[in-house]
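All remarks here apply to the structure that follows.
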Amino acid sequence: MFSNWRNGIVRTFGARIALWYFALFAVGALVILLVAGLILSRSLARRDREALLASLVRYTDAYSKGGVTVLDGLVAADRAAGTYEPVFVRVIAGGRIRMLSIPVEWSRFNLNDLDPPGAGASNLQQLPNGGREALEVASSRLRDGTLFQVGRSTARRDAVIERYRDTGFLLFALVVLVGLAGGLTLTTRALQPLHELTAAILRILQTGRTSERVAVQGTADPLDALGTLVNRMLERIDGLVQGMRSTLDNVAHDLRTPMTRLRGTAEMALQSGRTTEEYREALADCLEEVDRVTGLLDALMDLAEAETGSMRLRRDVVPLVDVVRDAVGLYDEVAEDKGLTLAVEADLQAGTLTGDRPRLTQAFANLMDNAIKYTPAPGSVHVTVRAAHGGIEVVVTDTGVGISADDRPRIWDRLYRGDQSRSERGLGIGLSLVRAIIEAHGGRVSVESEPGHGSRFRVWLPRDMTQM
Ligand code: ADP
1 MFSNWRNGIV RTFGARIALW YFALFAVGAL VILLVAGLIL SRSLARRDRE
51 ALLASLVRYT DAYSKGGVTV LDGLVAADRA AGTYEPVFVR VIAGGRIRML
101 SIPVEWSRFN LNDLDPPGAG ASNLQQLPNG GREALEVASS RLRDGTLFQV
151 GRSTARRDAV IERYRDTGFL LFALVVLVGL AGGLTLTTRA LQPLHELTAA
201 ILRILQTGRT SERVAVQGTA DPLDALGTLV NRMLERIDGL VQGMRSTLDN
251 VAHDLRTPMT RLRGTAEMAL QSGRTTEEYR EALADCLEEV DRVTGLLDAL
301 MDLAEAETGS MRLRRDVVPL VDVVRDAVGL YDEVAEDKGL TLAVEADLQA
351 GTLTGDRPRL TQAFANLMDN AIKYTPAPGS VHVTVRAAHG GIEVVVTDTG
401 VGISADDRPR IWDRLYRGDQ SRSERGLGIG LSLVRAIIEA HGGRVSVESE
451 PGHGSRFRVW LPRDMTQM
């Protein structure tokens with residue numbers, strides 16, 4: 001069903017484009033042939049007219065010089081020279097025909113229909129013979145009343161135009177065929193990427209495999225660019241799906257460990273012969289494990305809350321330097337155990353801002369947690385706090401593994417974990433939570449990093465929240 005639908009869409013669309021292409025092609029060819037025909041017939045007519053007038057002048061001259069004898073001689077010479085094309089010549093003087101030269105086949109023209117010009121004037125007329133042929137006659141009357149008429153048939157010209165018409169017709173038929181075939185081939189080729197795109201999307205719909213990709217040529221073609229974009233979108237979806245899968249695995253794994261320990265502790269405690277002190281210890285262990293599980297679930301819920309924009313923030317007056325020191329303080333021991341140096345450089349004039357202190361502590365703790373987690377010993381984590389751009393800026397710099405250019409825009413995505421961080425504990429929600437908290441305070445957070453040399457997370461917060 002899907003494939004019928006797909007073929008239908010592509011075919012009707014393709015057929016429409018092919019038809020348009022063909023129609024434009026055919027109309028263009030027709031216009032060109034018609035215009036060329038018009039130019040041809042006009043220039044042939046002009047050439048014939050000029051030749052006729054030239055003959056008229058020559059014959060008039062010859063007659064004026066030597067009368068009918070010389071004119072006869074000239075007409076005969078013209079015939080002998082082979083330039084003869086049945087030419088009609090008539091001279092009327094004093095009401096009498098002095099000379100008449102007309103090919104027999106032209107006797108069907110009614111010469112009386114000719115309208116002779118007045119004295120000293122000349123004219124050009126066409127005398128039809130009822131058929132397709134016409135006699136084109138140039139007449140001129142001398143001052144003494146002598147009338148000269150020279151005529152030619154339009155048959156030769158008509159034959160040329162007819163040949164042009166026949167050839168033009170053939171040419172047009174050829175153009176129509178080429179246009180139709182070209183239109184179909186071109187549209188089929190042009191729509192090929194669209195075809196592949198639909199096919200790839202259908203495969204994904206049918207198999208559910210987001211690893212499918214559209215075949216692209218890497219050209220600047222808009223359809224190819226669309227294919228590239230779809231591939232990038234698929235890659236992103238694929239990444240998110242993978243991320244969600246691995247997070248689900250991680251969550252399951254992170255839940256299983258404390259749950260197993262909880263079960264073990266409870267089982268041990270239930271064995272007979274335990275002292276009150278031992279029960280107390282077992283319960284304390286159980287509480288610790290429960291806290292761990294609750295912490296994990298809280299983090300997931302916080303993120304969901306922050307991402308749907310329903311996170312409610314308190315409006316405390318927060319001395320940010322203290323908040324940052326608190327967050328750093330949480331990691332003093334961890335850093336020392338790992339062999340990292342941890343330093344805070346705070347500008348005491350940085351001042352306060354309005355915000356949710358526990359949430360801000362949570363955000364900076366996440367940044368500290370990452371900095372320490374992704375920095376191998378020997379290394380350092382350096383934190384600065386200062387007033388900047390009407391607010392407060394906190395910069396966390398580490399000398400750790402860094403983040404690749406590919407990963408950099410994605411680390412803020414929910415559940416996204418960098419490739420090299422798989423070995424570290426984590427769920428891929430820390431940074432999305434950091435961003436959600438900072439943005440909920442009207443601030444912004446960004447990262448610069450050089451893989452292999454370290455990363456720098458820059459947080460800027462306004463003095464007053466613009467969002468609550
Ligand atoms: P995770 O639980 O994986 O730490 P986060 O959302 O906190 O999740 O971070 C997302 C990814 O960003 C990490 O998987 C890691 O690849 C990268 N990342 C975050 N902070 C750093 C850092 N300071 N140095 C190197 N990579 C980092």
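For the sequence shown, the working numbering begins at 1 and goes up steadily by one. All C-beta atoms, glycine included, are put in the ideal place defined by N, C-alpha and C. Small disclaimer: the values here were computed from a predicted structure and weren't measured.
Mark residue 356 as exposed unless 16 or more other C-beta atoms lie within 10 angstroms of its C-beta, in which case mark it buried.
The residue in question, residue 356, is buried, as its Cβ has 16 or more Cβ neighbours within 10 Å.
Which residues bound the alpha helix (DSSP H) around residue 206?
192-207 is the extent of the alpha helix (DSSP H) around residue 206.
Indicate, with yes or no, if the ligand ADP has a heavy atom lying under 7 Å from the CB of residue 436.
Incorrect: residue 436 has no Cβ contact closer than 7 Å to the ligand ADP.
Counting beta carbon pairs with one atom in the region 165-185 and one in the region 20-38, are three or more of them shorter than 8 Å?
As far as the Cβ criterion goes, the region 20-38 touches the region 165-185, which means the pair count is three or higher.
In the DSSP assignment, the beta strand (DSSP E) including residue 123 goes from what residue to what residue?
Note, residue 123: beta strand (DSSP E), 122-128.
Please list, in chain order, all residues of the same chain as residue 329 whose beta carbon is under 7 Å from its beta carbon, the five residues on each side excluded.
Closer than 7 Å at the Cβ level, and outside the excluded window around residue 329, lies no residue.
Alpha carbons only, please: which of 123, 103, 102, 127 is nearest the one belonging to residue 113?
For the residues 123, 103, 102, 127, the minimum Cα distance to residue 113 belongs to 127.
Can the beta-carbon of residue 361 be found closer than 8 Å to that of residue 319?
No; because the gap between Cβ atoms is not below 8 Å, this pair is not in contact.
Going straight from the alpha carbon of residue 391 to that of residue 461, what length do you get?
Taking the straight line joining both Cα atoms gives about 6 Å.
Along the chain, where does the alpha helix (DSSP H) that runs through residue 361 open and close?
Looking at the DSSP string, the run of the alpha helix (DSSP H) that includes residue 361 is 357-373.
Looking at residue 433 and residue 303, is the spacing between their C-beta atoms short of 8 Å?
For residue 303 and residue 433, yes; Cβs fall inside 8 Å.
Alpha carbon to alpha carbon, what distance is there between residue 194 and residue 216?
Cα-Cα distance, rounded: 11 Å.
For residue 454, name the three-state secondary structure that DSSP assigns.
Three-state result, residue 454: strand.
Assuming residue 459 and residue 394 are in contact, meaning their beta carbons sit under 8 Å apart, how far apart are those beta carbons, in whole angstroms?
So it is a contact: roughly 5 Å between Cβ atoms.
With distances taken from CA atoms, which of 30, 262, 305 is nearest residue 174?
Checked all of 30, 262, 305; the closest Cα to residue 174 is 30.
What is the rounded straight-line gap between the Cα of residue 161 and the Cα of residue 105?
Taking the straight line from one Cα to the other gives about 22 Å.
What does the alpha-carbon distance come out to for the pair residue 14 and residue 244?
One C-alpha to the other measures close to 40 Å.
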